[in-house]
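Worksheet for the structure shown next.
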Amino acid sequence: MNENENKSVAAGNLLISEPFLQDENFVRSVVLLCENNENGSFGLVLNKLSILKLKELIDDISSLDCDVYVGGPVEQNTLHFIYRGSRLFEESIQLGEDLWWGGDFDELLERLKLGKIQENSIRFFIGYSGWGAGQLDDELQDKTWIVCEKIDSESIFTASPEELWRIILKNMGGEYQQLANYPIDPRLN
């Protein structure tokens, strides 16, 4: 039995799109699952860089040249963030050993401006990926996603967006190492 069959997913898992997924929002995507419960699921695409910089979205932070990623196709008028290291905000939700989601946005911006937080330890997202109740379970049953339970925050924050999908699959080992080398369009091989 494939290890993805009958597996429930939890916040902190990574959802890796299967190699031939044609949905333009999720081709070769790595999604960090931030929330998964009976009401649905919430995640952030980790490897889809937007054309925007944070300073273009928020007034009074012209000194911050942070990249902004497309977290997903839902509510692209919202801004989210994850960070690594120690917990910085009481309301942050732990997703991995040193990976956190959310917190006081105004306090975050103030700390960034003062240099108390390094820009390379935080990632911003416009929009998010969302699934209604049972929808993600159906997609897992259809093998749309490969579940990775072990988060490598180093890769998340240092790998290029183009390489993250491949790196995560290779790190998973076994059959996933082979999937990492599949061409986007096998007809062109």
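According to this note's numbering, the sequence shown is numbered sequentially starting from 324.
Here a beta-carbon is modelled for each residue, glycine too, at the ideal position from N, C-alpha and C.
Once you ignore the five residues that flank residue i on each side, which residues in its own chain have a CB closer than 7 Å to its CB?
i	result
M495	C471
N336	L356, V470, C471, E472
Excluding sequence positions up to five away, which residues of its chain have a Cβ less than 6 Å from the Cβ of residue i?
i	result
Y499	L492
Which residues mark the beginning and the end of the alpha helix (DSSP H) in which residue i is found?
i	result
L432	428-436
T481	476-481
Can you say whether residue i is buried or exposed, counting buried as having 16 or more other CB atoms within 10 angstroms of its CB?
i	result
F343	exposed
I405	buried
L463	buried
S476	buried
If residue i and residue j are in contact, beta carbons under 8 Å, what's the gap, nearest whole angstrom?
i	j	result
W454	S364	4 Å
V353	N370	5 Å
A334	N362	Their Cβ separation, rounded to whole angstroms, is 13 Å, which puts A334 and N362 out of contact at 8 Å.
E341	W468	7 Å
R407	S444	5 Å
L372	C389	The Cβ separation is near 12 Å, so there is no contact.
L380	L402	7 Å
Taking residue i as part of the beta strand (DSSP E), name the residues at either end of that continuous run.
i	result
R446	445-455
I384	Element bounds for I384: n/a, residue is neither H nor E.
K376	372-376
D390	390-393
I416	416-419
Give me the residue from the options with the minimum Cα distance to residue i.
i	options	result
E433	G457, F412, Q501, L355	F412
F448	C357, L502, G395	G395
Under 8 Å Cβ to Cβ from residue i, same chain only, skipping five residues before and after it: list those, please.
i	result
E485	N370
Are the C-beta of residue i and some C-beta of chain C separated by less than 8 Å?
i	result
I381	Absent from the structure: chain C. Only one protein chain is present.
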